[in-house]
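Below: the structure, in structure tokens.
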């Protein structure tokens, strides 16, 4: 495990801190996964100071990556990383039974944690959310990180529910994509001591960390991994001025990487930088013509072009 990941003796407080990347899945023009580029991306993140890689999340096109492909991506990531960086695997579906089965299969691999997004489309109640994650936590053989992103799933897991989940063994952290520091404070207030909050919103990650979050699972880190790692380190060190200075050149990227639904803009940006091919799977399409110059401007502001 990466040095920025630590675990308590009883395993309940395994935490993942710093700048973690919600990594894209590189694809050829026909949508086939490009495993050669996959290895290069992992090497680049290790060299750039990224603290962990989330495989098969939203940015990795989890909705269209098959289970066999996910397992192969995770297997290769673990092999390539060789313990130099934390590897987290996305396993969330809208079915509790399917999520439990996937979490069990992923637990057989040498990963550090499993990330589970809130069920999309079927809009469970808070009690349903609690039972969903409790069932997965009971079945999984790895630490579990729920992921709350109401803008995509149409359900918001509230701080009180996260607080209940924090009491369960194996649930060690939450990725919270509701923007701003106030939600971080509410979760920390509702949760057991030592429970970890990771920001899921790049634009407010700096503020969230200064409010008590332990890092970010980032889209922006796909494009500027070193800069994100430096900004997050400053914020985690409590140096608000340095964090703001380091974050300022990234502000346009934080915004413009969402000009169209993620990961459309970030895959296009990485293709412009020569890091990946332009492949993306339907129903997602390549970035439209209109926002391209805006995104290029953000890349220049961040010092990547």
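In our numbering, the protein residues as written are 12 to 316. Every residue, glycine too, gets a C-beta built ideally from N, C-alpha and C.
Have a look at 162, 190, 144 and flag the residue whose alpha-carbon is nearest the alpha-carbon of residue 174.
Taking the chain shown and counting its residues from 1, the one referred to as residue 174 is at position 163. Looking at the Cα atoms, 144 is the closest of the given residues.
Three-state secondary structure assigned by DSSP to residue 347
Here the chain comprises residues numbered 12 to 316, so residue 347 is not present and cannot be evaluated.
Quick one: is residue 123 buried, meaning 16 or more other Cβ sit within 10 Å of its Cβ, or exposed?
Here residue 123 refers to the residue found at position 112 when the chain shown is read from its first residue. Under this definition residue 123 is a buried residue.
Using a Cβ-Cβ cutoff of less than 8 Å, which residues in the same chain neighbour residue 289 once the five nearest sequence positions on both sides are dropped?
Start at 1 with the first residue of the chain shown, and residue 289 comes out as number 278. Hits under 8 Å: 40, 278, 279, 282, 297.
Identify, in the order they occur along the chain, each residue of the same chain with its Cβ nearer than 7 Å to the Cβ of residue 224, setting aside the five sequence neighbours on each side.
Taking the first residue of the chain shown as 1, we reach residue 224 at position 213. Excluding sequence neighbours, residue 224 sits near 195, 208, 209, 210.
To the nearest whole angstrom, what separates the beta carbons of residue 153 and residue 118, a pair I think is in contact under 8 Å?
Here residue 153 is taken as the residue at index 142 of the chain shown, counted from 1. Here residue 118 is taken as the residue at index 107 of the chain shown, counted from 1. Confirmed, about 5 Å.
Where does the unbroken beta strand (DSSP E) through residue 157 begin, and where does it stop?
Within the chain shown, numbered from 1, the residue matching residue 157 stands at position 146. Looking at the DSSP string, the run of the beta strand (DSSP E) that includes residue 157 is 155 to 159.
Option nearest residue 135 by Cα separation, candidates 111, 229, 169:
For the purposes of this step, residue 135 is taken as the residue at position 124 of the chain shown. Considering only alpha carbons, the answer is 169.
Among residues of its own chain, excluding the 5 on either side of residue 260, which ones have a beta-carbon nearer than 8 Å to its beta-carbon?
Taking the chain shown and counting its residues from 1, the one referred to as residue 260 is at position 249. Here the set comprises 238, 312, 313, 314.
Does the count of Cβ pairs from the segment 244 to 252 and the segment 45 to 56 closer than 8 Å reach three?
no
In angstroms with no decimal places, state the Cα-to-Cα distance between residue 139 and residue 106.
As a first step, residue 139 is located in the chain shown; it is residue number 128 there, counting from the start. As a first step, residue 106 is located in the chain shown; it is residue number 95 there, counting from the start. Rounded to whole angstroms, residue 139 to residue 106 spans 11 Å at the Cα level.
Can we say the segment 28 to 37 touches the segment 63 to 73, given the rule of at least three CB pairs closer than 8 Å?
yes
Can you list, in chain order, the residues of its chain with a C-beta nearer than 6 Å to that of residue 300? Leave out the 5 residues immediately preceding and following it.
Taking the chain shown and counting its residues from 1, the one referred to as residue 300 is at position 289. Cβ neighbours of residue 300 beyond the five flanking positions: none.
Less than 9 Å between the beta carbons of residue 273 and residue 230, yes or no?
For the purposes of this step, residue 273 is taken as the residue at position 262 of the chain shown. For the purposes of this step, residue 230 is taken as the residue at position 219 of the chain shown. Yes, the pair counts as a contact, with Cβ atoms nearer than the cut-off.
Would you call the CB atoms of residue 70 and residue 236 closer than 9 Å?
Counted from its first residue, the chain shown places residue 70 at position 59. Counted from its first residue, the chain shown places residue 236 at position 225. Cβ distance not < 9 Å, so residue 70 and residue 236 don't count as in contact.
Tell me the rounded alpha-carbon separation between residue 100 and residue 252.
Looking up residue 100 in the chain shown gives position 89. Looking up residue 252 in the chain shown gives position 241. C-alpha separation (whole angstroms): 34 Å.
Just to confirm before moving on: does the CB-CB distance between residue 291 and residue 72 stay below 9 Å?
Translated into positions along the chain shown, residue 291 becomes position 280. Translated into positions along the chain shown, residue 72 becomes position 61. Contact: yes.
Measure the Cβ-Cβ separation of residue 156 and residue 95 and say whether it is below 9 Å.
For the purposes of this step, residue 156 is identified with residue 145 of the chain shown, where counting begins at 1. For the purposes of this step, residue 95 is identified with residue 84 of the chain shown, where counting begins at 1. For residue 156 and residue 95, no; Cβs fall outside 9 Å.
Span separating the alpha-carbon of residue 78 from that of residue 68
Walking along the chain shown from the start, residue 78 turns up at place 67. Walking along the chain shown from the start, residue 68 turns up at place 57. Straight-line Cα distance between these residues: approximately 13 Å.
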